[in-house]
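A.B. asks: Quick note: the sequence shown uses full-length UniProt numbering, first residue 1, plus one each step.
Pasting a structure here, questions to come.
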Amino acid sequence: MTIYTGKTEAAAIAAGVAALNTSRDQVITKVVATPRKGFLGIGKRDAMVDVTLKPVAKAMKQAKKAQPQPKPQVQPTPAPKAAVKAPVAHLQPAAPQPTVDPAKRRQQRQAAIDGVQDYLATIVEQLGIDATLDVENTAHRQIHLAFTTDKEGLLIGKHGRTINALQSLAQLYLNHHGAAHVDVVLDVAGYRERRTATLTRLAESTAREVVATGKPIYLDPMPSFERKQIHAVLAKNRYVSTYSAGKEPHRAVVIEPA
């Protein structure tokens, strides 16, 4: 299955036809997801179409590739000139890479963690939300930040869009302030734990439906860290397989029979 995307179904089909280097009448198309405008840019989705060559066209293309190609004429080469030996350069040992002071690295990491808290607090204040932010957990490669507020629903947003957007901004901040190796998890009122349980149930119920129908199912687009949770839940399920399709921010998990 090869998925192509576009602003419209026609654009997605055109992209598939161009990628396959063929014509519209030589392909079979199947609309996987229709385009969606969303509201104020939220929930927007491109059209997703499965475009494959018709069996006859595919066979003709393969036969064309299998035809022997004419051999290029070989021009006589002139007699080689006497080789001139170049002086052998003495290789110098590579300069040792400068080592980063562990204390300086820890200081830089802590400065980035402190800075991202101020950065997020400023954004939330500009959104008109009264909230405090605390560091709940700090591991070597991950920090867990939690908001406390009376406006939990507003800070989480529909389907977690607001808290996910803030988490993406926080990760970008760390990446640009010397802490790219640190992953940030942003939470409010235990939302992440509830969302993980929801994704687990979604993955398992969808897998059962795929096995029962024998047909693949495309889940709604979700951020990369949530897609990883779906993949992890079904990694040991021998009856289905999973992969991601589409382009960000409309990339989605596909669950299909194994």
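Just so it is clear, CB atoms sit at the ideal spot from N, CA and C, and this is done for glycine as well.
Whether or not the region 145-163 and the region 186-202 are in contact is what I'm after, with contact meaning three or more pairs of Cβ atoms, one per stretch, closer than 8 Å; do they touch?
C.D. replies: Flag = yes, the region 186-202 and the region 145-163 touch.
A.B. asks: Beta-carbon within less than 7 Å of Thr242's beta-carbon, same chain only, minus the 5 sequence neighbours each way: which residues are those?
C.D. replies: Same-chain partners within the cutoff: Ile230, His231, Leu234, Val253, Val254 and Ile255.
A.B. asks: Assuming contact is defined by CB atoms lying nearer than 8 Å, are residue 295 and Glu226 in contact in what I supplied?
C.D. replies: Absent from the structure is residue 295, since the part of the chain shown begins at 1 and ends at 258.
A.B. asks: Nearest by alpha-carbon distance to Leu154: which of Ala180, Leu127 and Glu136 is it?
C.D. replies: Answer by Cα proximity: Leu127.
A.B. asks: Using the Cα positions of Ser224 and Asn21, report the straight-line distance between them to the nearest angstrom.
C.D. replies: Rounded to whole angstroms, Ser224 to Asn21 spans 31 Å at the Cα level.
A.B. asks: Assuming the contact rule is C-beta atoms closer than 8 Å, Ile13 and Ala245 should be a hit. Round their C-beta distance to whole Å, please.
C.D. replies: Between Ala245 and Ile13 the Cβ distance is about 16 Å, and since that is not below 8 Å, they are no contact.
A.B. asks: Near Ala15, what residues of its chain come up, given a Cβ to Cβ distance below 6 Å and the 5 sequence neighbours on each side ignored?
C.D. replies: Excluding positions up to five away in sequence, the list reads Tyr4 and Gly6.
A.B. asks: Tell me the residue span of the alpha helix (DSSP H) that contains Thr213.
C.D. replies: Run containing Thr213: Tyr191 to Thr213, per the alpha helix (DSSP H) assignment.
A.B. asks: If you draw a straight line from the alpha carbon of Lys30 to that of Ile217, how long is it in whole angstroms?
C.D. replies: So the two alpha carbons sit approximately 14 Å from each other.
A.B. asks: Using C-beta distances below 8 Å, list every residue in its chain close to Ala47, excluding the 5 sequence neighbours before and after it, in chain order.
C.D. replies: Cβ within range, chain order: Thr5, Gly6, Lys7, Thr8, Glu9, Ala11, Ala12, Val31, Ala33, Thr34 and Pro35.
A.B. asks: Do you know how far the Cα of Ala139 is from the Cα of Thr148?
C.D. replies: Going from the Cα of Thr148 to the Cα of Ala139 covers about 21 Å.
A.B. asks: To the nearest angstrom, how far is it from the Cα of Ala180 to the Cα of Asp220?
C.D. replies: Those two C-alpha atoms are separated by around 28 Å.
A.B. asks: Output the distance between the C-alpha atoms of Asp130 and Val188, rounded to the nearest integer angstrom.
C.D. replies: Going from the Cα of Asp130 to the Cα of Val188 covers about 13 Å.
A.B. asks: Shortest alpha-carbon distance to Asp50 belongs to which of Lys228, Asp134 and Ile28?
C.D. replies: Minimum Cα distance to Asp50 is reached at Ile28.
A.B. asks: Out of Gly190, Val184, Gly115 and Asn237, which has the shortest C-alpha to C-alpha gap to Val210?
C.D. replies: Looking at the Cα atoms, Asn237 is the closest of the given residues.
A.B. asks: Measuring alpha carbon to alpha carbon, tell me which of His250, Ala258, Asn175 and Pro249 ends up nearest Ala207.
C.D. replies: Answer by Cα proximity: Ala258.
A.B. asks: Any idea what DSSP makes of Glu226, helix, strand or coil?
C.D. replies: DSSP places Glu226 in helix when its eight states are reduced to three.
A.B. asks: Closest to Gln110 by CA distance: which of Val135, Leu172, Pro55 and Lys247 is it?
C.D. replies: Nearest option by C-alpha distance: Val135.
A.B. asks: Closer than 8 Å by C-beta to Gln171: which residues in its own chain qualify, once you throw out the five before and the five after it? Chain order, please.
C.D. replies: Excluding positions up to five away in sequence, the list reads Asp183 and Val184.
A.B. asks: How is the beta strand (DSSP E) around Ser241 delimited, first residue to last?
C.D. replies: Start and end: Val240 to Ala245.
A.B. asks: Leaving out five residues before and five after Ala146 in sequence, what residues of the same chain have Cβ atoms less than 6 Å from its Cβ?
C.D. replies: Correct list, in chain order: Asp134, Glu136 and Asp187.
A.B. asks: Can you tell me whether Val84 is helix, strand or coil according to DSSP?
C.D. replies: Legend: pLDDT at Val84 = 46, less than 50; position of this residue unreliable, value from coordinates given subsequently. Val84: coil per DSSP, three-state reduction.
A.B. asks: Over the uninterrupted beta strand (DSSP E) stretch that includes Gly160, give me the two end residues.
C.D. replies: Per DSSP, Gly160 belongs to no beta strand (DSSP E) and is neither H nor E.
A.B. asks: Given a cut-off of 8 Å on the beta-carbon distance, is the pair Tyr191 and Ile143 in contact?
C.D. replies: No, they are not a contact pair.
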